[in-house]
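Contents: one structure, followed by commentary.
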Amino acid sequence: MDAAPADEVREEIPEPIVAAIAASDAQIELETIVASRAAQPAEAISPAGPLWTLEEFLAATGGRVVGTPGQEITGISIDSRTLQPGEAFIAIKGDVFDGHQFVKAAIDAGAAIAVVAEDKAADLPADGPFVAVDDPLEALVRLGRAARARTNARIVAVTGSVGKTGTKEMLRLALSRCGTTHAAVASFNNHWGVPLTLARMPRESAYGVFEIGMNHAGEITPLVQMVRPHVAVITTVQPVHLEFFGSVEKIAAAKAEIFSGIEPGGTAILNRDNDQFDLLMFHARMSDVEHVRTFGVDHPADARAHKIAAQTGCTCISATIMGEEIAYKVGAPGFHYVKNSLAVLAAVKELGGDLALAGLALADMRAPKGRGAQTALRLPSGKATLIDESYNANPASMRAALRLLGETPVKAPGRRIAVLGDMRELGDAADGLHAALAEAVRSANVDLVYCAGPHMHSLWEALPTPMRGAYSEESKGLRPLLLNELRPGDVVMIKGSLGTRMGPLVDALTSEFPAADEAAE
1 MDAAPADEVR EEIPEPIVAA IAASDAQIEL ETIVASRAAQ PAEAISPAGP
51 LWTLEEFLAA TGGRVVGTPG QEITGISIDS RTLQPGEAFI AIKGDVFDGH
101 QFVKAAIDAG AAIAVVAEDK AADLPADGPF VAVDDPLEAL VRLGRAARAR
151 TNARIVAVTG SVGKTGTKEM LRLALSRCGT THAAVASFNN HWGVPLTLAR
201 MPRESAYGVF EIGMNHAGEI TPLVQMVRPH VAVITTVQPV HLEFFGSVEK
251 IAAAKAEIFS GIEPGGTAIL NRDNDQFDLL MFHARMSDVE HVRTFGVDHP
301 ADARAHKIAA QTGCTCISAT IMGEEIAYKV GAPGFHYVKN SLAVLAAVKE
351 LGGDLALAGL ALADMRAPKG RGAQTALRLP SGKATLIDES YNANPASMRA
401 ALRLLGETPV KAPGRRIAVL GDMRELGDAA DGLHAALAEA VRSANVDLVY
451 CAGPHMHSLW EALPTPMRGA YSEESKGLRP LLLNELRPGD VVMIKGSLGT
501 RMGPLVDALT SEFPAADEAA E
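Under UniProt numbering, the sequence shown is numbered contiguously, ending at residue 521.
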């Protein structure tokens, strides 16, 4: 079956959450998920049987059945707009919208069954089909737990201050070469995204890849105890969400909650180059994690790169992975992808996958939209390169993006241009952390910097006058200036927290200067 067109699909962010995403630095971005859903065909019954039989489904959710549900459930949906016939619809209630408003639409679209709150059942179609429960979100959690209990898949979970989604995508690619692999869509890493990903895991999966995020202490524990990974990866610990923690050490302790869910005999994979390594190792031992593997470049590690050669649009690496020599290519440019690819290959090895096949798969890695995707823009008299890093920002990811900009070749008379928005949730340290980016800007040989947001004014003030492009309190103020500034040969990188709305600047450039036929050079 052909995948649905992008303009007909708005992926499974529940109606209750859509408005919140537009107004905050939520961990899941609507546009990313729209694209990912549009690229996926509708789920169908596999040779191993349906995703859930009705009996299995009801045993997990509990509740009172109304009407005649379908006997075979082919998928799990939390968005009536993208629901496919045969899927179950979970009516999640949020702060703005209530999924119960869309139960009839889901049933009309062919839902096999809806999961609804008992106190809402009287307002729904009398003939169903639905199952009434105390709390639909808790029913989804129970369904996720049931999926984990029945599977024989080898499970890996990823957390970290930055790099979670890219690492998850590399794991998906690498493990897919080794066996049937189920992975989270986009950044489904929170209290509903994780159980949803579990509930969607086909029974025949050989591997499962999960991303686990957090903004506050205590949020990882219930999620990882649901996932129960055989391998857990912490990409790095950095001053992200500092506003809610007060110190990087407290962030490390919160990330270390992932150790509490590792299966007996399982493995933690830690970044040996990270300043918080010793603290994470302490937490791993206190959690009785039986095996710890390390990855890195600057320090001796179980998975370590020896040679790194950056090429246009990719990086070639020679590494040792737990005693095995391997040469491979990562198809997404950037040192952060190199570093995290070592964790990926270590995880593949620990999960029993084929290291050679996994290495070959990483050549197919592409930076996702908003996370480093590159586009060649067609200008009236030449081409420019756009690096889209607009998904989110923190001090670590901002430095990584600036490093990528600095490593991207520029042909004369082109320039390196950085368009930077505020990094949010940094608390009292915000202005100092923004100003400190000046060193990374200079190291990247950036020619012009455009800044948006009140905290970015601190960076603006720290820059030498010739490097200042323009400053605006809001990103939209940079739009006309940026459109007029771009010249043939330029490389422009756009990055900022979601709330600073840097994405529309990316859209403005791609609308004004349509993508050239060939990939960005």
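C-beta: ideal position from N, C-alpha, C; glycine also.
Asked                                                                                                                                                                                                  : Found
Look at the alpha carbon of Asn394 and the alpha carbon of Thr510, and state the distance between them as a whole number of angstroms.                                                                 : 25 angstroms
From Ala42 to Ala114, what distance separates their C-alpha atoms?                                                                                                                                     : Any reading at Ala42 needs caution, since the residue's pLDDT is 43, under 50, leaving its predicted position unreliable; the model's value is listed next. Cα-Cα distance, rounded: 18 angstroms.
What distance in whole Å lies between the Cβ atoms of Arg416 and Leu405, which are believed to be in contact at a cut-off of 8 angstroms?                                                              : 6 angstroms
From which residue to which residue does the alpha helix (DSSP H) around Lys255 run?                                                                                                                   : Val248 to Lys255
Starting from the C-beta of Gly359, find all residues in its chain whose C-beta is less than 7 angstroms away, skip the five residues before and the five after it, and write them out in chain order. : Ile326, Tyr328 and Leu345
I need the straight-line Cα distance from Gly503 to Gly370, nearest angstrom please.                                                                                                                   : 8 angstroms
Considering just the uninterrupted stretch of the beta strand (DSSP E) at Val65, what are its terminal residues?                                                                                       : Arg64 to Val66
Where does Ser475 land, buried or exposed, given buried means 16+ other C-beta within 10 angstroms?                                                                                                    : buried
When you compare the stretch 280 to 296 with the stretch 260 to 268, are there three or more beta-carbon pairs, one atom per stretch, that lie closer than 8 angstroms?                                : yes
Measuring only the C-alpha atoms, how far is Pro480 from Ala438?                                                                                                                                       : 24 angstroms
Am I right that Ser205 and Thr181 are in contact with their C-beta atoms under 8 angstroms? What's the rounded C-beta distance?                                                                        : 7 angstroms
Straight-line CA distance for Ala91 to Leu143?                                                                                                                                                         : 14 angstroms
Rank Ala60, Leu279, Gly432 and Val65 by C-alpha distance to the C-alpha of Ala126 and give the top, closest one.                                                                                       : Val65
Is it a yes or a no for the stretch 148 to 160 touching the stretch 130 to 138, going by three-plus beta-carbon pairs under 8 angstroms?                                                               : no
Within a Cβ cutoff of 6 angstroms, which residues of the same chain sit near Gly70, ignoring the five residues on either side of it in sequence?                                                       : Ala112
Among the candidates Thr221, Leu386 and Arg366, whose CA atom is the shortest distance from the CA of Val492?                                                                                          : Leu386
Classify Arg154 as buried or exposed, calling it buried when 16 or more other Cβ atoms lie within 10 Å of its own Cβ.                                                                                  : buried
Could you check what DSSP says for residue 530 in three-state terms: helix, strand or coil?                                                                                                            : Outside the shown range of the chain (1 to 521) lies residue 530, about which nothing can therefore be said.
Compute the Euclidean distance between the alpha carbons of Thr500 and Tyr391, then round it to the nearest angstrom.                                                                                  : 10 angstroms
Residues in the same chain with beta-carbon distance under 7 angstroms from Leu478, minus the five sequence neighbours each way, listed in chain order, please.                                        : Val419, Tyr450, Ala452, Ala470, Ser472 and Leu505
What residue range is occupied by the uninterrupted beta strand (DSSP E) comprising Ser318?                                                                                                            : Cys314 to Ile321
To the nearest angstrom, how far is it from the Cα of Ile258 to the Cα of Phe244?                                                                                                                      : 19 angstroms
Measure the CB-CB distance between residue 525 and Ala396 and report whether it falls below 8 angstroms.                                                                                               : Past the edges of the chain, shown from 1 to 521, lies residue 525, and the structure says nothing about it.
For the ligand HEM, is there any heavy atom lying closer than 7 angstroms to the beta carbon of Val240?                                                                                                : By its list of ligands, the structure shown contains no ligand whatsoever, and the ligand HEM lies outside what it can speak to.
Based on the DSSP secondary-structure assignment, which residues constitute the bridge partners of Ser77?                                                                                              : Phe89
Tell whether a beta-carbon distance below 8 angstroms holds between Lys495 and Ala401.                                                                                                                 : yes
Tell me, please, whether the stretch 299 to 306 touches the stretch 271 to 278 by the rule of three or more beta-carbon pairs shorter than 8 angstroms.                                                : yes
Nearest to Tyr337 by alpha carbon, out of Leu357, Thr408 and Thr315?                                                                                                                                   : Thr315
How about Met322 and Lys349: are their beta carbons less than 8 angstroms apart?                                                                                                                       : yes
Counting along the chain, where does the alpha helix (DSSP H) carrying Gln225 start and finish?                                                                                                        : Ile220 to Val227
Kindly indicate which three-state DSSP category Tyr391 falls into: helix, strand or coil?                                                                                                              : coil
Can you tell which of Leu342, Asp447, Thr221 and Val240 has its C-alpha closest to the C-alpha of Thr465?                                                                                              : Asp447
Please determine if the stretch 365 to 382 and the stretch 195 to 204 are in contact, where contact requires at least 3 C-beta pairs separated by less than 8 angstroms.                               : no
Between which two residues does the alpha helix (DSSP H) containing residue 526 stretch?                                                                                                               : In this structure the chain extends from 1 to 521, so residue 526 is not present and cannot be described.
For Thr61, does the three-state DSSP call read helix, strand or coil?                                                                                                                                  : helix
Check Thr235 in the structure and name its three-state DSSP category.                                                                                                                                  : coil
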